[in-house]
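Q:
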Amino acid sequence: MLPSASRMRRGDEFADAIRRGRRAGRPALVAHLNLRDADEPPLVGFVVSRAVGGAVVRNQVRRRLRHLMRSRLPMLPRGSLLVVRANPPAASARSEHLAAELDVALSRLLRRRGSDARTPTDGRS
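Residues 1 to 125 (this note's numbering) make up the sequence shown, in order.
(1) If you compare alpha carbons, which of N34, R64, P41 is closest to R78?
(2) Going by beta-carbon coordinates alone, are N197 and D16 separated by less than 7 Å?
(3) Label R85 either buried or exposed according to how many other C-beta atoms from any shown protein chain fall within 10 Å of its C-beta, with 16 as the threshold for buried.
(4) Report buried or exposed for M1, applying the criterion of at least 16 other Cβ atoms within 10 angstroms of its Cβ.
(5) If you drop the 5 nearest sequence neighbours on each side, which residues of the same chain put their C-beta closer than 6 Å to that of P27?
(6) In or out: V52 buried (at least 16 other Cβ within 10 Å) or exposed?
(7) Quick check on the DSSP output: the alpha helix (DSSP H) that includes G11 runs from which residue to which?
(8) Once DSSP output is grouped into helix, strand and coil, what is the label at N87?
(9) For A24, which three-state DSSP category applies?
(10) Determine whether the beta carbon atoms of L68 and A91 lie at a separation below 7 Å.
(11) Distance, Cα to Cα, T119 vs R22?
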């Protein structure tokens, strides 16, 4: 379970992360990361739509993702907003597979964060 202080609850935080954040997609999930200049703990939210399955399946997927994120929370910069959106393949994915996909998505998002800080002098990437 995620610490209470790190759980995203407000709709405007979800919208902010999805609309303004960077996105890294995998077959079983999509991660949206928005970096803010706030000195607060990172907030993590989950979106599991009906396309994933019935209520029981959606709650199982959400619980598995929450469990996986607990150990990865220290990787996130302070003040960041992360939304993990489950795709339909997440319902049948093993936890090891979900963990691997989550790790790949997070590493892509955090690597992009480091490359954003370095801006080329000639204006080209």
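Even for Gly, the Cβ is constructed at its ideal location relative to N, Cα and C. Please read these numbers as outputs of a predicted model, since none were measured by experiment.
A: Well, looking at it:
(1) Here residue 78 is taken as the residue at index 78 of the sequence shown, counted from 1. When N34, R64, P41 are compared, the shortest CA-CA separation from R78 is found for P41.
(2) Since the first and last residues shown for the chain are 1 and 125, residue 197 lies out of range.
(3) Translated into the one-based positions of the sequence shown, residue 85 becomes position 85. So R85 ends up on the buried side.
(4) In the sequence shown, counting from the first residue as 1, residue 1 sits at position 1. Here M1 is exposed: its Cβ has fewer than 16 other Cβ atoms, across all protein chains shown, within 10 Å.
(5) Residue 27 sits at position 27 when you count from the first residue of the sequence shown. Taken in chain order, the residues that qualify are P89.
(6) Here the question's residue 52 lines up with position 52 in the sequence shown. Under this definition V52 is a buried residue.
(7) For the purposes of this step, residue 11 is taken as the residue at position 11 of the sequence shown. In the DSSP annotation of this structure, the continuous segment of the alpha helix (DSSP H) that includes G11 starts and ends at 11–20.
(8) The count along the sequence shown starts at 1 and reaches residue 87 at position 87. N87: coil per DSSP, three-state reduction.
(9) Position 24 of the sequence shown, counted from the start, is the residue given in the question as residue 24. It is a strand residue.
(10) For the purposes of this step, residue 68 is identified with residue 68 of the sequence shown, where counting begins at 1. For the purposes of this step, residue 91 is identified with residue 91 of the sequence shown, where counting begins at 1. The beta carbons of L68 and A91 sit no closer together than 7 Å.
(11) As a first step, residue 119 must be located in the sequence shown, where it is residue number 119. As a first step, residue 22 must be located in the sequence shown, where it is residue number 22. Low per-residue confidence applies at T119: pLDDT is 40, beneath 50, and the placement is therefore not dependable enough to give any value.
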